[in-house]
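There are 2 protein chains.
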Amino acid sequence: MKVHVGPVALPELEAAVVAGGAELSSAADASALVWYGGPPEQFAELDHPGLEWVQLPSAGIEPWAASGALRDGVTFTSAAGTYAQTVAEHALGLMLVGARQVHLMARASRWAKPDGMRGVHGSTVGILGAGGIGRALIALLRPFGVRVLAVNRSGKPVDGAVATWRADDVEGVRELLAESDFVVVAAPATAETAQLVDADALARMKPGAWLVNVARGSLVDTGALLAALDEGRLGGAALDVTDPEPLPDGHPLFQHPRAIVSPHAANPESLLVPALARRVEENVRRRLAGEPLLGVVDRAAGY
Amino acid sequence: MKVHVGPVALPELEAAVVAGGAELSSAADASALVWYGGPPEQFAELDHPGLEWVQLPSAGIEPWAASGALRDGVTFTSAAGTYAQTVAEHALGLMLVGARQVHLMARASRWAKPDGMRGVHGSTVGILGAGGIGRALIALLRPFGVRVLAVNRSGKPVDGAVATWRADDVEGVRELLAESDFVVVAAPATAETAQLVDADALARMKPGAWLVNVARGSLVDTGALLAALDEGRLGGAALDVTDPEPLPDGHPLFQHPRAIVSPHAANPESLLVPALARRVEENVRRRLAGEPLLGVVDRAAGY
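Quick mapping for you: the protein sequence lines, in order, are chains S and G.
The first sequence begins at 368 in our numbering and counts up one residue at a time.
The second sequence begins at 368 in our numbering and counts up one residue at a time.
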């Protein structure tokens, strides 16, 4: 099998192709393409009738679906699941930062214990959109003896959660919001999840609870969140993603005493590339062995 | 058994005494004293010939040993082990903050990803002084697939560590320093552990590694650490304890780009009292049942 890595020929990914057992080639000769470093609009430049499989570098495929590049006759695989561990680790870090008020410690220039420090141990953690990241987070939380509540699209019970509700079960979602000390947003960005956490949802959260968003900024109403943080009823918000994104310089969320902004850094480049390389190697190996590929894109579902 | 709680009669601890099966009394009538809220110098005010047992509120007992209050004829018990879960949770939080550079994010007023972000997953974690806190930290780290290296006084293998060296095994300690992505200091403060992490130890640490101190400030040479941080070879330092403590206002460690100072907050009051109350209840129950007390102080060892 001949594989091209492009439009940017990242050496780590080329090495993964070779480690998986395939041969590197020009785009024109390749039956498989490992996409890296360009927008989907550039796909036409590398596409050709002999192309059978394209490995995409991201977990979400919204821009690819929107661009129309996901053409028939080619199998597309996303990197879904590849980064779940990395993002879950970041989410746990943000939960601990909120619980222990580390953002205030980081900003201080004098020795003073912040008020309101608490523990993650023994708390209740609600996960809105418990997919791959949610499962990875539940695994990390196991030694903390937490009670996990989950919401997902299907309502199919999530391992490690004491309750799982369907996303359209209004009462279930309200129960999660009311009982959780930490509400972690990890759902995909779709029309249904836009502004999922709005003023009403924020008002239903437990006093002192922390909101952690590692999904997409569009899932949280920024204005409503800022009002809720100013009011002081919530513990705070830890946001890896925001709306708008990037936040403008000096936006009040940056230095808000009840907020910590992580600039879409849950899956940093330094960790992304090795994780993607592992996925590329595994999928190349699978392709050569005739085994099912990981992360095959379902065009109809949009992920 | 008559027990006095003082010099501050904290209701939560008085309730624990009663829950353990003993009777509350004045200091003069008590055969046991649960110490809370005063320095060891005040001990003489509550001491009397009928006193048999004193439960101290802290895990470390240096000020008690230094004050000479640990007199013969009385059994002293510390709170060692009581706070291990809480402190380990804080230590993991500080590791994640360092790995993901959350201290820099917390200080920022604009959207910019810090350099040098990394993961805890798959890293090597060295624990200097792997006692109760170390064991609790290893339990929290289990889902991260880390490699744990440990040093303790006895060299007795620590569960979950791939290697354990005796504290006086110079080569072993050097191996831990050289291989660890995170060096967590969790040893008691004794004459032997003073300035355990000095300029030489810091120079032996892996480039980019983070130092996390949740033990006592005296275990790390502050001047040498600051020099090492300025030099930029280390990833950084997350310090819950410092020397001197408190750090003076505006000390360069507070806003150092490679440091986060947590003001001796790993075991915040809000979590300390419930944990201490559980220990008091358990030790009162044990005393009444003639069972061995938890945390009996070894005057010779100094903890």
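The beta-carbon is built from N, C-alpha and C at its ideal position, and this holds for glycine as well.
From a predicted model like this one, the values you see are computed outputs, not experimental measurements.
Straight-line spacing of the CA atoms in S/D439 and S/G388 works out to 26 Å. Residues of the segment 640-666 of chain S with a C-beta atom less than 8 Å from some C-beta of chain G do not occur. The alpha-carbon of S/V551 is positioned some 44 Å away from that of G/E658. S/R541 has its alpha-carbon roughly 39 Å from the corresponding atom of G/E381. Assigned with DSSP and collapsed to three states, G/N580 falls in strand.
Think of a sphere of 7 Å around the beta carbon of S/Q452: the chain G residues whose beta carbon falls inside it are H488, in chain order. Contact annotation: in the segment 458-488 of chain S, residues whose CB is within less than 7 Å of a CB in chain G are L459, G460, L463, V464, R467, V469, H470, M472, A473, R474, A475, S476, R477, W478, A479, K480, M484, R485, G486, V487 and H488.
Per the coordinates, the alpha-carbon of G/A530 lies some 9 Å from the alpha-carbon of G/L543. In terms of Cα proximity to S/H631, the closest of S/L601, S/R583, S/L661 and S/L596 is S/R583.
The bridge partners DSSP lists for S/L495 are S/V518 and S/V552. Counting only Cβ-Cβ distances below 8 Å, S/D616 has contacts in chain G at S476, R477 and W478, in chain order. Of all residues in the segment 616-633 of chain S, the ones placed with a Cβ closer than 7 Å to any Cβ belonging to chain G are D616, G617, F621, Q622, I627, V628, S629, P630 and A632, in chain order. Relative to S/A433, the option among S/T557, S/A576 and S/W420 whose CA is nearest is S/T557. The beta carbon of S/S637 falls within 9 Å of a beta carbon belonging to chain G, placing the residue at that interface. Cα atoms of G/L614 and G/E538: separation of roughly 33 Å, rounded to the nearest angstrom. With respect to S/V464, S/I494 sits apart: the two C-beta atoms are not nearer than 9 Å.
When beta bridges are read from the DSSP output, G/Q422 appears opposite G/V401 and G/T444.
Residues of chain G whose Cβ lies closer than 9 Å to the Cβ of S/P424 do not exist, since the nearest Cβ in that chain is about 17 Å away. Taking C-beta separations shorter than 6 Å and ignoring five residues to either side along the sequence, the partners of S/R485 in its chain run A466, following chain order. Listed along the chain, the chain G residues whose CB falls inside 7 Å of the CB of S/R509 are P510. Contact between the segment 503-511 of chain G and the segment 563-576 of chain G is absent, with fewer than three C-beta pairs closer than 8 Å.
Look at G/R533 here: in three-state DSSP terms it is strand. For a Cβ distance threshold of 7 Å, residue set P510 of chain S lies close to G/A506, ordered along the chain. Within the DSSP secondary-structure output, S/E390 pairs in a beta bridge with S/K369. Scanning G/A566, G/L638, G/V608 and G/P611 for the CA closest to the CA of G/A591 turns up G/A566. By the 16-neighbour rule on beta-carbons within 10 angstroms, G/S476 is exposed. Under the 9 Å criterion on CB atoms, S/P574 is classed as non-interfacial with respect to chain G. For G/E612, at least one C-beta of chain S is nearer than 9 Å to its own C-beta. Close partners of G/E456 in chain S (Cβ separation under 9 Å): L463, A466, R467, G486, V487, H488 and F511.
Look at G/I627 here: in three-state DSSP terms it is strand. Assignment of S/G617 by DSSP, reduced to helix, strand and coil, places it in the coil class. A straight line joining the alpha-carbon of G/T453 with that of S/Q622 spans about 27 Å. Within the model, the alpha-carbon separation for G/R625 versus G/G603 is close to 4 Å. The distance from the Cβ of G/P424 to that of G/Y403 is about 5 Å, consistent with a contact at the 8 Å cut-off.
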